[in-house]
Amino acid sequence: MNDCIFCKIAAGEIPSFKVYEDDKVLAYLDINPFSPGHTLVIPKVHSSCLLDTGADTLATVMAAVRKVAAHLKTALPCDGFNILQNNGEAAGQTVKHLHFHIIPRYQGGALDFVPHPGDMAELAALADRLRFQ
Ligand code: 5GP
Ligand code: ZN
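Counting from 1, position 95 in the sequence shown corresponds to residue 95 in the working numbering; the numbering is continuous, with no gaps.
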């Protein structure tokens, strides 16, 4: 999709704080993290939300979500994580390209699904530390 920001990130036309990439999936740090290490996982092929995503793509992305979450748990490290996936404006979806949020959670941390504008230098350093294959 020409005007889709996540398609542009997937194509490398817009930079991202990449954590993981394969031929079908990209994972990168959210620039407005709910918590340190907040990561988005997207399919490289465009679909707008869960309901217009084919089963094969969904299976591929979910396998990547699991892989990236397992990595974050040990590499950050974090104590747990939430998976969030919004569908439609009413549900808070702002980017119409399917994406799964992996929101790291830390023992004793309050439930706080609030975006905190990220420090770009800190995000770059964290992505460098977390990047894996
Ligand atoms: P949604 O509310 O649609 O589920 O989440 C969209 C997320 O994408 C938000 O958390 C927002 O911070 C993030 N986001 C929007 N634009 C960009 C961008 O250009 N780069 C990155 N890394 N994240 C973005
Ligand atoms: Zn897209």
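Glycine included, each C-beta is placed from N, C-alpha and C at the ideal position.
Alpha carbon to alpha carbon, how far is residue i from residue j?
i    : j    : result
L126 : C7   : 23 Å
M11  : L111 : The identity of residue 11 in the sequence shown is Ala, whereas the question assumes Met. For A11 and L111, the distance between alpha carbons rounds to 34 Å.
P117 : L123 : 10 Å
A59  : P33  : 25 Å
R105 : F113 : 11 Å
A90  : S48  : 14 Å
N86  : G92  : 6 Å
A70  : D22  : 16 Å
T2   : I9   : Contrary to the premise, residue 2 reads as Asn rather than Thr in this sequence. Distance between the alpha carbons of N2 and I9 is about 12 Å.
A121 : Y28  : 15 Å
Counting along the chain, where does the alpha helix (DSSP H) carrying residue i start and finish?
i    : result
R134 : In the structure displayed, the chain extends from 1 to 133; residue 134 sits before or after that span and is not available.
L26  : Counting along the chain, L26 falls outside any alpha helix (DSSP H), though it belongs to the beta strand (DSSP E) covering 25–29.
I14  : Taken as a continuous stretch (DSSP letters only), I14 belongs to no alpha helix (DSSP H), as it is neither H nor E.
K67  : 55–75
Would the beta-carbon of residue i be found less than 7 Å away from any heavy atom of ligand 4?
i  : result
F6 : Judged by which ligands are present, ligand 4 is missing from the structure shown, whose ligands are ligand 1 and ligand 2.
Locate the beta strand (DSSP E) running through residue i, then write down its first and last residues.
i    : result
G101 : Residue identity check: residue 101 is His in the sequence provided, not Gly. It spans 100–105 - the beta strand (DSSP E) in which H101 sits, taken as one unbroken run.
T39  : 39–43
Rounded to the nearest angstrom, how far is the Cβ of residue i from that of residue j, given a contact under 8 Å?
i   : j    : result
I42 : V65  : Contact doesn't hold; Cβ gap of about 10 Å is too wide.
V19 : R131 : 6 Å
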